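Under the numbering used here, residues -4 to 238 are what the sequence shown spells out, in order.
Virtual Cβ for every residue (Gly too), placed ideally from N, Cα, C.
Keep in mind the model is a prediction, meaning the values are calculated, not measured.
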Amino acid sequence: MSESIDFLYPTKWLSKASTGERVACELRMRIISGIIESGAILSENKLAADFSVSRSPVREALKTLASENLIRLERMGAVVIGLTEKEINEIYDVRLLIETFVFERLVKMDVQELVNELSKILEMMKVAIKYKDADEFSYQDIMFHETIIRSIHHSYVLMIWDNLKPVMESLILLSMRARIKEKYDDFTRIINNHELYIEAIRTKDRALMIESLHKNFDDVQEKVEDLWMSQQMLTKGVEQQDD
-4 MSESIDFLYP TKWLSKASTG ERVACELRMR IISGIIESGA ILSENKLAAD FSVSRSPVRE
56 ALKTLASENL IRLERMGAVV IGLTEKEINE IYDVRLLIET FVFERLVKMD VQELVNELSK
116 ILEMMKVAIK YKDADEFSYQ DIMFHETIIR SIHHSYVLMI WDNLKPVMES LILLSMRARI
176 KEKYDDFTRI INNHELYIEA IRTKDRALMI ESLHKNFDDV QEKVEDLWMS QQMLTKGVEQ
236 QDD
């Protein structure tokens, strides 16, 4: 990396990030995009020079990426492991599991405030599409789902989400940047799917939510029903214990 290469990660997303977090975000994007290939050696000294920082934030960044299993730490650097297709699918499995769990909690809650907030975010997504701003759209898309997850105030679900979010951000950014160039018309479908998602929450309609999840998560197929059945069995078990 050098100053002549444009950074992949949006700088406007990093206003509150530490230097180490900034380095980690950029390296993560480069590893997941394949610019830095699996097996590549990352040197602390070279990374510090490339980013014009000391070795301390570089070490912080490498520790973060190691915790995400994207690299393996070595003396004075790291070896890139990368992200396999299987691991990407597993990330979306966990995300789907979280969102089915969250919906089962929402059916017992007052959701009007949440619906209003999601509707506002959706309008921002529409504006981003109008101006073909994939980065802003990605940011609002992540905020849309995070708002849903945070609404149930479940600390351990949120902990899982926070651990999943950095890698997922990179995957979504790369996907949306490609789509806005190659499949711009597909964003109409994406918006319609999010509108369906809001309506499912507003009406607390499980069938509508299953349909929405099918449309929002590509290739989930029978996974939605399997995960939903597990969530309903878990919920019934908890209710029986409470009785």
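Is the separation between the beta-carbon of Ile193 and that of Ser133 shorter than 8 angstroms? no
If we ignore side chains and look at the alpha-carbon of each, how far apart do Ser146 and Ala56 end up? 30 angstroms
What does the alpha-carbon distance come out to for the pair Asp88 and Asp45? 36 angstroms
Are Ile76 and Asn64 touching if we call contact CB-CB under 8 angstroms? yes
Which residues in the same chain have their Cβ closer than 8 angstroms to the Cβ of Val215, if we skip the five residues on either side of it in sequence? For Val215, the predicted structure reports a pLDDT of 45, less than 50, and the residue's modelled location is therefore unreliable. The matter cannot be settled from this model.
Taking C-beta to C-beta, are Leu117 and His189 nearer than 8 angstroms? yes
Inside the segment 130 to 195 only - beta strand (DSSP E) runs reaching at least 3 residues: none
Taking a contact to mean a Cβ-Cβ separation below 8 angstroms, would you say Glu21 touches Met71 in this structure? no
Any idea if Ile31 is buried or exposed, counting beta-carbon neighbours within 10 angstroms, 16 or more meaning buried? buried
Run of the beta strand (DSSP E) containing Arg67, from where it starts to where it stops: Ile66 to Glu69
Give the DSSP-derived three-state secondary structure of Gly15 in the structure shown. helix
Tell me the residue span of the alpha helix (DSSP H) that contains Val97. Glu80 to Leu101
Can Val162 and Val97 be called in contact, C-beta distance under 8 angstroms? no
Tyr4 by DSSP, collapsed to three states: which one? coil
Measuring alpha carbon to alpha carbon, tell me which of Thr198, Lys125 and Ala202 ends up nearest Asp105. Thr198
Can you round the beta-carbon distance between Ile169 and Ser28 to whole angstroms, since I take them to be within the 8 angstroms contact cut? Here the sequence assigns Leu to residue 169, which means Ile is not the residue at that position. With a Cβ gap of about 6 angstroms, Leu169 and Ser28 count as contacting.
Kindly list the residues whose CB is nearer than 7 angstroms to the CB of Gln135, restricted to its own chain and excluding five residues on each side of it in sequence; keep chain order. Ile116, Met119, Met120 and Ala123
I need the DSSP call for Ser38, collapsed to helix, strand or coil. strand
What three-state label does DSSP hand Val75 in the structure shown? strand
My guess is that Ala129 and Arg172 are in contact by the Cβ rule of under 8 angstroms, so how many angstroms apart are they, rounded? 4 angstroms
Taking 7 angstroms as the cut-off, is the C-beta of Leu153 nearer than that to any heavy atom in the ligand FMN? As far as ligands go, the structure on display features none, and thus does not contain the ligand FMN.
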